[in-house]
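Residue numbers (my numbering): 5 to 144. From the three backbone atoms N, C-alpha and C, an ideal C-beta is built for every residue, glycine too. What follows is a short report on a single structure.
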């Protein structure tokens, strides 16, 4: 991670900020994003490729993340739609194929959504969270 990008992420202060790679890997996050999305993981995890968090894996395979989203099903649908768009743009990406295969084998919900071939309009959704320390955010 370039130092300038790290400084920019940290400059967000109390606003969650993260950098996500093409296959939904978390490449960097600030302390607020870490606390919101994955406080149960080491803060340094994005810096270690072998333990780098992955948003799609968290959504479908991590019970903490499932509880975090007030509308988990909506987040799950949007995550699959994101992966479909990425797969259309990078059809030969072996890392993406491996991720989709892993999720298909380990999550019946992912497999069903992936098989449905649904890709909604590219409108950024608003998310509501149920965070154990902050409580419920009624953003939706």
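Best match in 39, 79 and 40 for proximity to residue 117 [C-alpha to C-alpha]: Checked all of 39, 79 and 40; the closest Cα to residue 117 is 79.
Please classify residue 63: does DSSP put it in a helix, a strand, or coil? Annotated three-state conformation of residue 63 is helix, per DSSP.
Quick one: Cα of residue 12 to Cα of residue 83, how far? When rounded, the distance between both Cα atoms is 25 angstroms.
Compare the Cα-Cα distances from residue 102 to each of 81, 60, 119 and 69 and report the closest residue. Among 81, 60, 119 and 69, the Cα nearest to that of residue 102 belongs to 60.
What residues match up with residue 32 in a beta bridge as DSSP calls it? DSSP lists 23 as partners of residue 32.
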